[in-house]
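Each remark here refers to the structure printed beneath this line.
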Amino acid sequence: MARGEPGQGLGAGDRWRKFEEAKLDELLAPGESRTAFLLRFTLSHPHCHTTIVGTMKPEHLAENVRIAQVGALPADVYEEAKRRLDAVGESPEA
Numbered sequence: 071m072a073r074g075e076p077g078q079g080l081g082a083g084d085r086w087r088k089f090e091e092a093k094l095d096e097l098l099a100p101g102e103s104r105t106a107f108l109l110r111f112t113l114s115h116p117h118c119h120t121t122i123v124g125t126m127k128p129e130h131l132a133e134n135v136r137i138a139q140v141g142a143l144p145a146d147v148y149e150e151a152k153r154r155l156d157a158v159g160e161s162p163e164a
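Going left to right, the sequence shown walks through residues 71 to 164 as my numbering numbers them.
Structure follows, in structure tokens:
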């Protein structure tokens, strides 16, 4: 588990700005958190074989495992999220 303080480091002040600019909240499944969406988005990337998730609390680790077990986003949702992120200048590679 990580050591340190949540919310510290690069991007701490505006971590959700691009998410909001891209209107990704519109793509969340019912009851899905932004964090869950982003983890599933990462798992959806065709060239991503490993995802490293940092956490400080065992309950967050358990939640991340549960989210990963849900699996990747549906292909159409992943493609729409990529399109929206590209439109706000935040494109994943490949």
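Here a beta-carbon is modelled for each residue, glycine too, at the ideal position from N, C-alpha and C.
Predicted model, so just to flag it, every value in this text is computed and none were measured.
Compute the distance between the beta-carbons of residue 114 and residue 142, then report whether it is under 8 Å.
For the purposes of this step, residue 114 is identified with residue 44 of the sequence shown, where counting begins at 1. For the purposes of this step, residue 142 is identified with residue 72 of the sequence shown, where counting begins at 1. Yes, Cβ-Cβ distance for residue 114 and residue 142 is below 8 Å.
Given 8 Å, three or more beta-carbon pairs between the segment 121 to 131 and the segment 84 to 104:
Under the Cβ criterion (8 Å, minimum of three pairs), the segment 121 to 131 does not count as touching the segment 84 to 104.
Assuming residue 131 is part of the alpha helix (DSSP H), what are its boundary residues?
By one-based count along the sequence shown, residue 131 stands at place 61. Its alpha helix (DSSP H) spans residues 128 to 140.
Residue span of the alpha helix (DSSP H) that contains residue 108, given as start and end:
Working through the sequence shown from its first residue, we reach residue 108 at position 38. Where residue 108 is concerned, the enclosing alpha helix (DSSP H) stretches over 104 to 114.
According to the neighbour-count rule (16 or more other Cβ atoms, all chains shown, within 10 Å of its Cβ), is residue 137 buried or exposed?
The sequence position of residue 137 within the sequence shown is 67, counting from 1. Its Cβ being crowded by 16 or more others within 10 Å, residue 137 is buried.
Going by C-alpha to C-alpha distance, which of 161, 148, 154 and 157 sits closest to residue 109?
The residue labelled residue 109 in the question sits at position 39 within the sequence shown. Of the listed residues, the one whose Cα sits closest to residue 109 is 148.
DSSP-derived helix/strand/coil call for residue 125
As a first step, residue 125 must be located in the sequence shown, where it is residue number 55. Three-state result, residue 125: coil.
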